[in-house]
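Trainee:
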Amino acid sequence: MYTKRVGLSCQSAPVSGPNSMFSASTNMACGPRCSRTTDVAIRRRRWRVRANGSGFDLNLPAEERHLLANLLPQLREVMEHPDDERARRLFPTAYTDDVERDAEYHRFMREELVASRVAALETFARTAESKHIDEAALLGWMQCVNGVRLVLGTLLDVSEDDDLHRLDENDPHFAEAALYGYLSGLLEEIVQALSRG
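Going by my numbering, the letters in the sequence shown line up with residues 76 to 272, in that order.
Right, here's the structure in full:
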């Protein structure tokens with residue numbers, strides 16, 4: 076087992092343990108750096124999300140749930156500022172070859188897209204402590220996890236060819252890259268569970 080430091084803007088009680096996947100010091104890349112740092116242990120589990128025949132089981136420890144709950148308000152803040160560069164991947168270009176048509180699309184669709192993401196945030200908040208959820212709730216979780224991941228991907232300027240696992244711990248983006256990796260793994264589990272459900 077190994078430990079990584081991940082930057083987050085969250086206030087959480089220190090947690091430690093031998094089974095830490097990584098520990099997180101404050102400041103998610105979406106927000107300003109906090110003056111205080113805390114450690115949050117993210118324990119590696121055999122599975123975190125799985126279909127159970129009538130819905131989905133969530134096997135996330137309290138620290139991971141708390142981590143996600145503290146990241147999502149920052150996602151909402153990014154969504155509420157249409158000109159924020161960090162939101163670029165949340166609302167990608169629909170028409171790459173026609174700037175006017177793309178602007179018109181965003182003028183008419185952005186409000187609906189934001190409403191959909193806000194509804195997902197509310198779903199997560201309502202089910203954050205649940206051990207069993209239905210498909211609609213898990214779709215909300217998927218949208219939230221992917222939203223934070225997209226913002227981090229924008230900040231890190233991640234492309235499909237990038238190998239963030241090779242970053243040195245002294246790299247200034249190491250913390251955000253580790254968080255990006257965690258979110259990517261969780262998103263993959265959610266997608267797999269939905270495909271089996």
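Cβ atoms here follow ideal geometry from the backbone N, Cα and C, with glycine treated the same way. Since this is a predicted model, take the numbers as computed values, not measurements.
So is W122 buried or exposed if we call it buried at 16+ other beta carbons inside 10 Å?
Mentor: As a working mapping, residue 122 is identified with position 47 in the sequence shown. Exposed, by the Cβ-count rule.
Trainee: Taking all protein chains shown into account, decide if V115 is buried (16 or more other Cβ within 10 angstroms of its Cβ) or exposed.
Mentor: Taking the first residue of the sequence shown as position 1, residue 115 is located at position 40. With a pLDDT of only 43 at V115, under 50, the local geometry of the prediction cannot be trusted, and no value is derived from it.
Trainee: Between the Cα of Q149 and the Cα atoms of A137, P167, T202, V193, which residue gives the shortest distance?
Mentor: As a working note, residue 149 is residue 74 in the sequence shown. The shortest C-alpha separation from Q149 is found at V193.
Trainee: Tell me where the alpha helix (DSSP H) around V153 begins and ends.
Mentor: Within the sequence shown, the letter at position 78 stands for residue 153. Element bounds for V153: 137-154.
Trainee: Restricting to runs no shorter than 4 residues, where is the alpha helix (DSSP H) found entirely within the stretch 176-233?
Mentor: As far as the stretch 176-233 is concerned, its whole alpha helix (DSSP H) runs of at least 4 residues are 210-231.
Trainee: Here's a check: name, in chain order, each residue in its chain whose Cβ is nearer than 7 Å to the Cβ of N221, leaving out the five neighbours to either side.
Mentor: Working through the sequence shown from its first residue, we reach residue 221 at position 146. Answer for N221: L262, listed in chain order.
Trainee: Taking a contact to mean a Cβ-Cβ separation below 8 Å, would you say R125 touches A268 in this structure?
Mentor: Stepping through the sequence shown from its first residue, residue 125 is reached at position 50. Stepping through the sequence shown from its first residue, residue 268 is reached at position 193. Yes, the Cβ-Cβ distance between R125 and A268 is below 8 Å.
Trainee: Apart from the five residues on each side of it in sequence, which residues of its chain come closer than 6 Å, Cβ to Cβ, to K206?
Mentor: On the sequence shown, position 131 is the one that residue 206 refers to. So the qualifying residues of the chain are L133.
Trainee: Since F199 and L147 are thought to touch, with beta carbons under 8 Å apart, how far apart are those beta carbons, to the nearest angstrom?
Mentor: Within the sequence shown, numbered from 1, the residue matching residue 199 stands at position 124. Within the sequence shown, numbered from 1, the residue matching residue 147 stands at position 72. Going by Cβ atoms, the distance from F199 to L147 rounds to 6 Å, so yes, they are a contact pair.
Trainee: Just to confirm the assignment, what range does the beta strand (DSSP E) spanning F131 have?
Mentor: What you label residue 131 is simply residue 56 of the sequence shown in a count that begins at 1. Element bounds for F131: 131-133.
Trainee: I need the straight-line Cα distance from P157 to P167, nearest angstrom please.
Mentor: Counted from its first residue, the sequence shown places residue 157 at position 82. Counted from its first residue, the sequence shown places residue 167 at position 92. C-alpha separation (whole angstroms): 12 Å.
Trainee: L258 to R176, Cα distance in whole Å?
Mentor: Reading the sequence shown from its first residue, position 183 is the one you call residue 258. Reading the sequence shown from its first residue, position 101 is the one you call residue 176. Using only the alpha carbons, I get a separation of about 33 Å.
Trainee: For a quick check, are the C-beta atoms of E179 and R140 less than 8 Å apart?
Mentor: One-based indexing of the sequence shown puts residue 179 at position 104. One-based indexing of the sequence shown puts residue 140 at position 65. Cβ distance not < 8 Å, so E179 and R140 don't count as in contact.
Trainee: For G256, which option in L231, L135, F131 has the closest C-alpha, if you only look at C-alpha atoms?
Mentor: Counting from one through the sequence shown, the residue named residue 256 turns up at place 181. Per the Cα distances, L231.
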